[in-house]
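Sequence order for the protein chains is A and B.
Each residue of the first sequence is one higher than the last, beginning at 7 in the working numbering.
Each residue of the second sequence is one higher than the last, beginning at 7 in the working numbering.
Quick reminder that beta carbons are idealized off the backbone N, C-alpha and C, glycines included.
The structure displayed is predicted, hence computed values, not measured ones.
There are 2 protein chains.
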Amino acid sequence: MSMLAARIAREFGSPALVIDLDVVAANIARLQAACERVGLANRPHIKTHKSPVLARMQVEAGARGITCQKLGEAEVMAEAGLDDILISYNILGADKVGRLGALLRDTRVTVAADNPTVVAGLPEAGRIAGRPLGVVVECDTGRARAGVTTPEEAVTLARDIAGRDGLAFEGLLLYAPEDAVSQTQAFLDATLAGLAAHGLAARIVSTGGTPNLRNLGRIRGATEHRSGTSIFNDRMMMACGAAALEDCALHVVATVVSRAAPARGILDSGSKTLTSDTGGGLDGFGLLREYPRARIARFAEEHGFLDLSASPDTPAVGEVVRIVPNHVCVTVNMHDRYVAVRGEEIVGEIPVAARGRLA
Amino acid sequence: MSMLAARIAREFGSPALVIDLDVVAANIARLQAACERVGLANRPHIKTHKSPVLARMQVEAGARGITCQKLGEAEVMAEAGLDDILISYNILGADKVGRLGALLRDTRVTVAADNPTVVAGLPEAGRIAGRPLGVVVECDTGRARAGVTTPEEAVTLARDIAGRDGLAFEGLLLYAPEDAVSQTQAFLDATLAGLAAHGLAARIVSTGGTPNLRNLGRIRGATEHRSGTSIFNDRMMMACGAAALEDCALHVVATVVSRAAPARGILDSGSKTLTSDTGGGLDGFGLLREYPRARIARFAEEHGFLDLSASPDTPAVGEVVRIVPNHVCVTVNMHDRYVAVRGEEIVGEIPVAARGRLA
């Protein structure tokens, strides 16, 4: 049993969300170096950590700015002094556009849009702020989620943006499938050509995703990259080869509370602590560092049910363990604070300040 | 489009967690009446709503007390003046036992235990409080989760509890499978007989679960029932026949933010708003009240991906919809507040005060 984990359980309560700042710093530096190596700006996605403290570490390491997914996250970051924020999301509705305008007064903000309804609502933000709101066109090059699906639509939407008072067309936002480099390049080339034909240029071409770090530098014309998960890593990143166990900066300290049968155990961490996210179909709901062959087989809200049938050793009731989650971004969002450590030393607590900022 | 939902999105932001207090009150009254009809005390589980305001509604309707799953939830409830709290969980560790003792000073608290390690740690709570801590033995009558698995173990653990200064043996905690009434009865009868043989009696025999309401009154010797989900209901309760759509008191107000293709749409509510809980294997991640044949097919953290291929009508970008979640208990835990309505009237906000109290 890790003495540090047991001490954290005692002093901060179990379960607890723990990050090792040495590993965090190494992960931040690695991402920054990877971006610099290929001449891309680094714009890390704070949805993963939701902490201005950690965002500032990223900016101090060289990040150009940050990415947020929701307006509420951007407000928390701006309030803490972060600047140059890309909100990679369609902002809709007079209330949100009003908040966006207020944010834009003192903070450089760019937003994404993938349809004319969203674009039509945005100019009011620029009017409120007294300066134009930057907008990038979200493009779907194969993932079938948000984004216009053809270069023609991208150009049409860019012209719509460029033609409106209060808005400035800034470029393109991509979140390409990892195996679609050539198809993404074709989409991007056609879009840039179409923009040029109308006298428009993309100052920003933003690519995204931690698994896509393996494609970094392979999309000609890209200017920046958004990576979220790489600051902590998780089981999903290990499964896709983007990280090794020693790159995982975060774990959940949990306690075994029941051992009702030889092959069964229960952790005090269920779906309200770790989430039911399967990490894209992984086996089990997390990795126990001390018992790697124990399987978190299923959850109740406050129970993690361990299948210990394949584990040569098994934990006793009261034993404290460390769990690497399947998907760190959603796990962080269940907690109000991190316990920050460096190696075997407890440094203090860091609030998950933008947790629950859904709107 | 619901005018009220659109107004909530405007005034409180989208996504928003909404409860109809008229439906809540009807659900509370129905549970209370069901318990009274068969002579059982009602001890609703607050893990579902995590709100002292709603717990008080339950007590005012006649509930004997409340059930909490975590010590942190019980602390929030006691702080708000709720009394007679059952914590249906193994409490472990000197820090938690200390908190439990402090709680017990001014609040009637009973805890569950399913193993001797837990029991051995608990007497300190009674010593701190200056009065004995009530303990019930958690019994597993077929669900293979927490709980001793034989009547003999139950009796042994009860004797262990009864023999310790600072503890009082109070009875038994069951969470039986819905289809295991006779097997549960056999376990209970054998345990009660074994207790009697040692001069012990179970003042409390607590049964649990909203789906188990259909078995209410069928377990001879039961004294009380714990039901959580029935205060709100959800898709899971509809699927098992425990509720109809009109009994669902809670929905998430969400906005369609993208319609990149005719059969696709995106909601501003993803796994960080609704959770990836499948509700025990339901198809899709929620029911759109306005578009019941739309399917929330998958999630990103802030995106709910709609498959609209089977839906005769489809929502436009900007349209506000109401989603009944798969599993209401975990969805509530993602939000900091409810927007409370009565029919078409907005009443105000209610904090999800015990949200995130994991420890």
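Inter-residue Cα distance where the pair is residue i and residue j
{"i": "M242 (chain A)", "j": "F291 (chain A)", "result": "11 Å"}
{"i": "A12 (chain A)", "j": "T197 (chain A)", "result": "55 Å"}
{"i": "L106 (chain B)", "j": "L77 (chain B)", "result": "7 Å"}
{"i": "F305 (chain B)", "j": "R165 (chain A)", "result": "31 Å"}
{"i": "A86 (chain B)", "j": "P217 (chain A)", "result": "46 Å"}
{"i": "A69 (chain A)", "j": "K102 (chain A)", "result": "27 Å"}
{"i": "A67 (chain A)", "j": "G104 (chain A)", "result": "33 Å"}
{"i": "A206 (chain A)", "j": "G140 (chain A)", "result": "The question names Ala, but residue 206 (chain A) in the sequence shown is Leu. If I take the Cα positions, the gap works out to 14 Å."}
{"i": "T17 (chain B)", "j": "Y344 (chain B)", "result": "Strictly speaking, residue 17 (chain B) in this sequence is Glu, with Thr absent from that position. Distance between the alpha carbons of E17 (chain B) and Y344 (chain B): 13 Å."}
{"i": "V143 (chain B)", "j": "G177 (chain B)", "result": "6 Å"}
{"i": "G172 (chain B)", "j": "I91 (chain B)", "result": "18 Å"}
{"i": "G214 (chain B)", "j": "S57 (chain B)", "result": "20 Å"}
{"i": "R170 (chain B)", "j": "A118 (chain B)", "result": "15 Å"}
{"i": "D28 (chain A)", "j": "A35 (chain A)", "result": "11 Å"}
{"i": "Q75 (chain B)", "j": "N339 (chain B)", "result": "13 Å"}
{"i": "A168 (chain A)", "j": "A15 (chain B)", "result": "29 Å"}
CA nearest to the CA of residue i, picked from the options
{"i": "S275 (chain B)", "options": "B:R265, B:V259, B:I14, B:V65", "result": "B:V259"}
{"i": "A255 (chain A)", "options": "A:H341, A:I237, A:C246", "result": "A:I237"}
{"i": "G127 (chain B)", "options": "B:I97, B:G153, B:T147", "result": "B:I97"}
{"i": "H341 (chain B)", "options": "B:G172, B:P21, B:V141, B:A15", "result": "B:P21"}
{"i": "L288 (chain A)", "options": "A:V143, A:A160, A:A245, A:T320", "result": "A:A245"}
{"i": "I134 (chain A)", "options": "A:A199, A:D28, A:D112, A:A35", "result": "A:D112"}
{"i": "P138 (chain B)", "options": "B:M9, B:A152, B:A174, B:A168", "result": "B:A174"}
{"i": "G285 (chain B)", "options": "A:G286, A:G285, A:S277", "result": "A:S277"}
{"i": "T147 (chain A)", "options": "A:F193, A:E159, A:L110, A:I25", "result": "A:F193"}
{"i": "G45 (chain B)", "options": "B:F311, B:G354, B:L222", "result": "B:L222"}
{"i": "D374 (chain B)", "options": "B:A108, B:T162, B:L110", "result": "This structure does not reach residue 374 (chain B), given that chain B is present from 7 up to 365, and the question cannot be answered."}
{"i": "D185 (chain A)", "options": "A:I225, A:G200, A:A152", "result": "A:I225"}
{"i": "V2 (chain B)", "options": "B:R149, B:A365, B:V334", "result": "Since the first residue of chain B shown is 7 and the last is 365, residue 2 (chain B) is not available in this structure."}
{"i": "A303 (chain B)", "options": "B:A322, B:D319, B:T281", "result": "B:T281"}
{"i": "E350 (chain A)", "options": "A:D26, A:V30, A:G132", "result": "A:D26"}
{"i": "K53 (chain B)", "options": "B:T320, B:I14, B:T235", "result": "B:T235"}
{"i": "A150 (chain B)", "options": "A:E130, A:V326, A:F311, A:C74", "result": "A:F311"}
{"i": "G200 (chain B)", "options": "B:T156, B:E79, B:T116, B:L273", "result": "B:T156"}
{"i": "R114 (chain A)", "options": "A:A47, A:I14, A:I93", "result": "A:I93"}
{"i": "M7 (chain A)", "options": "A:N339, A:L364, A:T320", "result": "A:T320"}
{"i": "A108 (chain A)", "options": "A:A80, A:A228, A:A160, A:P122", "result": "A:A80"}
{"i": "V65 (chain B)", "options": "B:E130, B:S212, B:D89", "result": "B:D89"}
{"i": "A47 (chain A)", "options": "A:L273, A:P122, A:R232", "result": "A:R232"}
Where residue i falls, given that 16 or more other Cβ within 10 Å makes a residue buried
{"i": "V336 (chain A)", "result": "buried"}
{"i": "L251 (chain A)", "result": "exposed"}
{"i": "A100 (chain A)", "result": "exposed"}
{"i": "R49 (chain B)", "result": "buried"}
{"i": "A346 (chain B)", "result": "buried"}
{"i": "H204 (chain B)", "result": "exposed"}
{"i": "E308 (chain B)", "result": "buried"}
{"i": "G324 (chain B)", "result": "buried"}
{"i": "S264 (chain A)", "result": "buried"}
{"i": "A202 (chain B)", "result": "exposed"}
{"i": "Q189 (chain B)", "result": "exposed"}
{"i": "M83 (chain B)", "result": "buried"}
{"i": "R43 (chain B)", "result": "exposed"}
{"i": "G247 (chain B)", "result": "exposed"}
{"i": "G136 (chain A)", "result": "exposed"}
{"i": "G354 (chain B)", "result": "exposed"}
{"i": "R209 (chain B)", "result": "exposed"}
{"i": "A322 (chain B)", "result": "exposed"}
{"i": "R301 (chain A)", "result": "buried"}
{"i": "D195 (chain B)", "result": "exposed"}
{"i": "E159 (chain B)", "result": "buried"}
Q. Do three or more CB pairs link the stretch 292-306 of chain A to the stretch 328-335 of chain A at distances below 8 Å?
A. A contact exists between the stretch 292-306 of chain A and the stretch 328-335 of chain A.
Q) Which ranges does the alpha helix (DSSP H) cover as unbroken runs of at least 4 residues, wholly within the stretch 55-92 of chain B, from first to last along the chain? A) You should have 58-66, 77-85.
(Q) Count Cβ pairs between the stretch 254-271 of chain B and the stretch 314-329 of chain B that sit closer than 8 Å; are there 3 or more? (A) Note that the stretch 254-271 of chain B touches the stretch 314-329 of chain B; at least 3 beta-carbon pairs, one per stretch, sit closer than 8 Å.
Q: Starting from the N-terminal side, write out each stretch of the alpha helix (DSSP H) that is 4 residues or longer and does not extend beyond the stretch 170-240 of chain A.
A: If one requires a minimum length of 4 residues, the alpha helix (DSSP H) runs lying completely within the stretch 170-240 of chain A are 187-203, in chain order.
(Q) Can you confirm whether the stretch 54-61 of chain A touches the stretch 176-191 of chain A when touching is taken to mean that 3 or more C-beta pairs between the two stretches lie within less than 8 Å? (A) Between the stretch 176-191 of chain A and the stretch 54-61 of chain A there are fewer than three inter-stretch CB-CB distances shorter than 8 Å, so the stretches are not counted as touching.
Q. Can you give, in chain order, each stretch of the beta strand (DSSP E) that sits fully within the stretch 268-345 of chain A and has at least 3 residues?
A. Fully enclosed beta strand (DSSP E) runs of 3 or longer: 270-273, 292-294, 301-305, 310-313, 326-331.
Q | Length at least 3, wholly inside the stretch 90-121 of chain B: the beta strand (DSSP E) runs in chain order | A | Counting whole runs of 3 or more residues, the stretch 90-121 of chain B contains the beta strand (DSSP E) stretches 91-93, 115-119.
**Q.** At least three beta-carbon pairs within less than 8 Å, the stretch 347-361 of chain B to the stretch 38-47 of chain B
**A.** Touching, no, given that fewer than three Cβ pairs across the two stretches are closer than 8 Å.
**Q.** Residue ranges of each alpha helix (DSSP H) within the stretch 20-61 of chain A, 4 or longer
**A.** Under the rule that a run must span 4 or more residues, the alpha helix (DSSP H) segments found entirely inside the stretch 20-61 of chain A read 27-43.
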